[in-house]
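Enquirer: Starting off with a structure, shown below.
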Amino acid sequence: MATWTIANLERNLSDGGVTVAHWRVTEVDGDYSASSYGTVGFTPDASASDFVAYDSLTESAVLAWVHESVDQDATEAALTANIEAQKNPVSADGMPW
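Laid out in structure tokens, this is it:
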């Protein structure tokens, strides 16, 4: 199962509006792991009724924002495919001597 986290937030100091969320998702299967990292940009509007300032945010709220912009299923499927490729490699490198 993939684990999503927020790695960092960028915000306006004037109103506490978040402008960028840096996210990471990691999947682990035994000795194998894969991860992805990305960012999502926002244009905060402090006058909007649903505005949430930086000091009042939770990770789950920001992850919900991220999931509105990032295809969660496709991202997790790519991690699963990466792990399967690690388990069953089709090529290798090195030297015979």
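The sequence shown begins at -1 in this note's numbering and counts up one residue at a time.
Note that the Cβ used here is the ideal one computed from N, Cα and C, for glycine as well.
1. Taking the alpha helix (DSSP H) that residue 73 falls in, what are its first and last residues?
2. Within 10 angstroms of the Cβ of residue 19, are there 16 or more other Cβ atoms? Answer buried if so, exposed if not.
3. Can you name the residues that DSSP bridges to residue 31?
4. Residue 21: buried (16+ other C-beta within 10 angstroms of its C-beta) or exposed?
5. Have a look at residue 85 and residue 77 and give me their C-alpha separation to the nearest angstrom.
6. For residue 0, which beta-bridge partners are listed by DSSP?
7. In chain order, what residues of the same chain lie with their CB nearer than 6 Å to the CB of residue 57, ignoring the 5 residues before and after it?
8. State the start and end residues of the unbroken alpha helix (DSSP H) segment that holds residue 67.
Expert: According to the data block:
1. Translated into the one-based positions of the sequence shown, residue 73 becomes position 75. Element bounds for residue 73: 70 to 85.
2. As a working note, residue 19 is residue 21 in the sequence shown. Residue 19 comes out buried.
3. Position 33 of the sequence shown, counting from 1, holds the residue named residue 31. BP columns for residue 31 point to 26.
4. Position 23 of the sequence shown, counted from the start, is the residue given in the question as residue 21. Buried, because 16 or more other Cβ atoms sit within 10 Å of the Cβ of residue 21.
5. For the purposes of this step, residue 85 is identified with residue 87 of the sequence shown, where counting begins at 1. For the purposes of this step, residue 77 is identified with residue 79 of the sequence shown, where counting begins at 1. Their Cα atoms are separated by approximately 13 Å.
6. Residue numbering aside, residue 0 sits at position 2 when the sequence shown is read from its first letter. 25, per the DSSP bridge assignment.
7. Residue mapping note: residue 57 aligns to position 59 of the sequence shown, counting from 1. Cβ neighbours of residue 57 beyond the five flanking positions: 4.
8. Walking along the sequence shown from the start, residue 67 turns up at place 69. That run of the alpha helix (DSSP H) goes 57 to 67.
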